[in-house]
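Reading through the structure tokens given below for one structure.
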Amino acid sequence: MAVIPKKTSARVEVRFLDDPDERTENVPGSRLRVPWTEVAPFDAMMANWQRLNDLELDNTEQACVEEVFQLLIAEEVAEIEWSPVECATRVSDMGQLCTLIRVPVEELRASAEWFDLDAATMISPSGTLLIAEAACRANPTAVLDHVIEEESKSRHKCKHGDERPSLGTRGREPTTPEWEYHVYRRFDRPRHELLRQWCGHRAVTTYERLLAAEAETQRLDVLVTRMIRIIEQAGDTTLAACYAEEHDRERITPATIRPVVDRPLHPSEIPVREIRVRRRWGY
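Position in the sequence shown (from 1) plus 6 gives the number in this note's numbering.
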């Protein structure tokens, strides 16, 4: 209705037209979000944000979404927004994002609420969850490497304890293995299981089989080396050298794992094999 100028600011007298009593209120100018001429676009934008707020992620889902975005998705492509809607996604490069997560643009937009804002696309929290899961399925190795690394650290903490910020002082205080195991069960293990679930059963089992094969190969290599050393110490150096040479020569590596396809040999190239047999008289 009116603007009352002040030395440093202004107060605005507002009439509520939807109020039956036509209530008026004198408020500071800072309480008005936008000038009156921009109210309609502002209301439309807030309606879009309200439509976008379709799902509330729990703490485990939020933590996993943050980890996936930090590991796999660059900020120039997409980033998580926390206000006015928690865990919404601002997509700056839709084409590159869909290439990364291997989901068509049309399918992504049909799966979640979205709207365009300042040359970017805002996607709802349910869409953020979909993006994180699709990114894990498209790039499981990096995620599973991260999970294994974190679990190794958690195992060390649950055996030996660790340190945490002190509540009473500005320094740090030691923690017990029991406390670290409590933290692991309450916070870390749910995250790790959800990340594995997003990667998919096939990717997880393939990754774990590969890790097991590498670990078993290393264990057997150490065992064979010890046995060769024992034979050498027993005095049979010739046999030890023979085993060592054979172990190194027949080692299976990525360079030798593929089957080698050779051309057929010409009869003239085939070596002659002489097989001696006993002569059978009478025939």
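The beta carbon of each residue, even a glycine, is placed where N, CA and C say it ideally should be.
All of these numbers come straight from a predicted model, not from anything done at the bench.
- Here the alpha carbon of R269 sits roughly 13 Å from the alpha carbon of I276.
- Distance check between D124 and each of F75, V97, A221 and S117 places V97 closest, using alpha-carbon atoms only.
- The count of Cβ pairs closer than 8 Å, one atom from the stretch 53-65 and one from the stretch 77-85, stays below three, leaving the stretches out of contact.
- Contact check for A138 against S130 fails: the beta carbons are separated by 7 Å or more.
- Burial state of L226 is exposed, judged by a 10 Å Cβ sphere holding fewer than 16 other Cβ atoms.
- In this structure, A94 is the residue among W185, R57 and A94 with its C-alpha nearest to the C-alpha of F75.
- In this chain, the alpha helix (DSSP H) harbouring R115 covers V111 to S117.
- No Cβ-Cβ contact shorter than 7 Å links V91 with L135.
- Restricting attention to E112, I86, N145 and C142, the CA atom closest to the CA of M128 is found in I86.
- Looking only at V33, R170, N54 and C205, the smallest Cα-Cα distance to A16 is reached by V33.
- Annotation: the continuous alpha helix (DSSP H) that includes I154 extends over P146 to H166.
- Secondary structure at R202: helix, using DSSP grouped into helix, strand and coil.
- Put simply, of S172, V153 and K165 the residue whose alpha carbon is nearest the alpha carbon of C205 is V153.
- When Cβ pairs closer than 8 Å are counted between the two stretches, the stretch 161-181 is seen not to touch the stretch 99-119, the count staying below three.
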